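With mature numbering (1 follows the signal peptide of the UniProt record, and there is no 0) as the guide, the letters of the sequence shown map in order to residues -21 to -1, 1 to 587. Every residue, glycine too, gets a C-beta built ideally from N, C-alpha and C. A quick note: this is a predicted structure, and the numbers were derived from the prediction, not measured.
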Amino acid sequence: MARFSRTAAVLIIGLATVSQALKPVILADTNRDGKVDVQGETDSAGKETWTNEVGALFLANIGDTKKRCSSQMNLTEIFNDRNFLRQELDKCNDASDNVLRNAKYLAPLRTRPMADLSSAATGSVVVVGAEAAKNTRIFHKAGSDWLYVSSNYTFTAQDLKAGLELGIDGRDVRRPGGWDGKAVVEFRLKDGDKAASDKVALRVAPVLTHHHLQFADEVIAPEPESDGKGTRFNTDLAAALKKAGLQQPLRQLHMETFLQDFFEPGYASIPGPDGPVVLRIVIRPSSNDQGGVYMYRDLRGDGVGAVQHYDVDQAGDGKEATGNLEAIPPHTHNGQKYPAGRVIMGSRAGDRPKLFEFLEAQETQQPVELDTMWLYVGHVDEFLQFLPANNERGWVVAVDDPMAGLAILEKVQKDGLGGSVKALSRPSIPTDPNDQKTLNDSLPTITVDQLLGKANFSRVQDFAARHIKKNIDILKAEVGLTDAEIIRIPALYYNEPMEHKRRYQPVRYLPDLDKEAEQQKNISTAFQVYSVYPGTINNLVVNTHIVAPDPWGPAVNGEDVLKEAISAQYAKINITVHYVDDWYSHHVGLGEIHCGTNSLRNPTAPWW
């Protein structure tokens, strides 16, 4: 019996040696703690199946180091060439070939050292599946160099015995109807007549948009036009940003006035050993407008990439603009956590922006569809915003309140001042002649009584209020929002300017209530409105400060009663308002300060 045991023990030891020699192990940061555990087992459990909770992440390495790609762009040729395919803008980036330009954005892969291999052993590492292989790159750290691992790259016994130091990145992001970002990396080993393999699952990090709980790092605005238009606004904006505590100076780019509509700042991030590794990514709207092309030239660079979900048929469609995209801050609802928040976009009678499906494909900030058919421009930033607050949720939603705005005007009238007080208190400013868009852009001179006397003025406020409530009800259902978490900002809407007419404004008639639902189904018949006064809610959020358009409401005893009421509402959540005049720079063009700026925010909060 004893002799049998000794023989069995020898056999078992021999089998164990062979088994160990042929048991390759490849590991990634499966537990998302920023490092790969080669010595222990913390990255072993669940490594072959990627889930939302467990599984390694890697970045789409689509930056433009040293502006290699953007410096080659000739915008004149691009804009003049009708045959130029805007999809070509995506074809050049740091990962568009097999050269590693910035190792910072590689996600680590490791294999366990295998000291017992013979000198004849060889190995290979491949990404399984044609779609995943096409969209990923693997590199091998050899000394101080990173070598591209092609499909026929062979690792030597010396490499395998020491353990492989590898890195993976992506050539693209998650795409609707295309690659979902998942990749399985297989480590294959041969030693003599024996062969074995091991796998680890990863997924490319989603493209995320910023929310207002992320601190503003930098603000971008268009540079003044060649004739000086916009100079005074940029000067005033820069001063307000300094008062709001922003350290970085205002960045000015050669872009159109409402640059918010032409790109959305975003980012992708993964865990790293010293905190999140972040690549900023600017998102182009799904339209053929020229403004979005500028972001590929001017915003891409070291640590900044760009993406688009392109559709040639969407040129000029206002709902596609990224001014129609905002983010709900992080929250939990019905047991579902949204650590990066969620996206909102406005649709027109169920006709959703094309970008909606791109955001859905990221599977992280599940978008919420709001209704903006009632707005002439049709953007969500015209009537609501999300702001930091000292409450349990950490934020509130601010929404326009047309009935409160109407009550302010009616009180002026009730106090007997409606016939003498001008509806607009804005004075003439010396730079006005230069800032005016046309020769007929004179300031309105009508009184409060005359404004209230416009056809169906009070009914239009009710119309706007009901449609705002409809959207708030959607947010309540999707987010669990309560009335205590809503701040209401006095505002006023109409389907015409305060005075004069707009040539491009189609004549639409306010329908009777029983016919409204049917009329609002069609863009050609829908009654649509915009802000009569500069819309304060369309502002720039700088932490607990906002830079907002001056509403220039009626002045009673020297005080703007509309502005006072607005400031009081923001003060309830300790938000400091810095008012800037944008009447000629933005308001007369149907936009405000948020429309005309963009902000890069701190992207380091983990979302995984």
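Apart from the 5 residues on each side of it in sequence, Q344 sits with its Cβ closer than 8 angstroms to the Cβ of P185, L187, T188, A306, Y317, A319, G320, R321, V322, L338 in its chain, given in chain order. DSSP, read as helix, strand or coil, puts T115 in strand. Boundaries for D215: no beta strand (DSSP E) harbours it, while the alpha helix (DSSP H) harbouring it runs 210 to 222, taken from the DSSP string.
For Y549, the enclosing alpha helix (DSSP H) begins and ends at 540 to 550. Counting along the chain, no alpha helix (DSSP H) covers K46, and no H or E run does either.
In this structure, DSSP gives V106 an extended state, which the three-state scheme calls strand. Rounded to whole angstroms, the separation of the alpha carbons of L385 and P582 is 40 angstroms. With contacts defined by Cβ atoms closer than 8 angstroms, G146 and R153 do not form a contacting pair. Secondary structure of L258 (DSSP, three-state): strand. The alpha-carbon separation between K45 and V106 amounts to approximately 29 angstroms.
Within the same chain, Cβ atoms closer than 6 angstroms to the Cβ of N413 are found at G207, the five residues on either side in sequence being excluded. Setting aside the 5 residues that flank it on each side, A174 is surrounded in the same chain by L1, R167, L168, each with a C-beta closer than 8 angstroms to its C-beta; the list follows chain order. In this structure A111 is in contact with W158, their Cβ atoms being roughly 7 angstroms apart against a cut-off of 8 angstroms. The C-beta distance from Q392 to V439 rounds to 17 angstroms, too long to fall under 8 angstroms, and the pair is not in contact. Every beta strand (DSSP E) of 3 residues or more that sits fully in the region 125 to 180 is shown, in chain order, as 144 to 149, 161 to 170. As DSSP reads the structure, T101 sits in a beta bridge with K169. Annotation: D350 is outside any alpha helix (DSSP H); the continuous beta strand (DSSP E) that includes it extends over 347 to 350.
Inclusion of Q239 and G302 in the CB contact set at 8 angstroms is warranted, their separation being smaller than that value.
Minimum Cα-Cα distance from P252 among the listed residues D16, V400, D529, N517 corresponds to D16. Per DSSP, the beta bridge partners of S326 are D350. For T555, the uninterrupted beta strand (DSSP E) segment begins and ends at 555 to 559. With contacts defined as CB atoms closer than 8 angstroms, P585 and P255 qualify as a contacting pair. M93 is positioned such that its CB atom lies closer than 8 angstroms to that of K140. Residue pairing by DSSP places P528 opposite V559 in a beta bridge. In this structure, H233 is the residue among K222, V179, F194, H233 with its C-alpha nearest to the C-alpha of P203. In this model, D350 and T133 are separated by some 56 angstroms (Cα to Cα). With a 10 Å radius around the Cβ and a threshold of 16 neighbouring Cβ atoms, L579 comes out buried. Of the residues M477, N501, E464, the one whose Cα lies closest to the Cα of L422 is M477. Here the region 278 to 287 lies against the region 41 to 56, with 3 or more beta-carbon pairs under 8 angstroms apart. With a threshold of 16 other beta carbon atoms within 10 Å, I260 meets it and is buried. Residues of the same chain with a CB within less than 6 angstroms of the CB of K120, apart from the 5 flanking positions on each side, are E144 in chain order. For Y246, the closest alpha carbon among the candidates V378, Y84, I117 is that of Y84. Annotation: E543 to T504 spans about 37 angstroms, alpha carbon to alpha carbon.
C-alpha of I525 to C-alpha of I572: approximately 10 angstroms in a straight line. Going by DSSP, G284 is part of the beta strand (DSSP E) stretching over 283 to 287.
In the DSSP assignment, T311 falls within the beta strand (DSSP E) that extends over 310 to 312.
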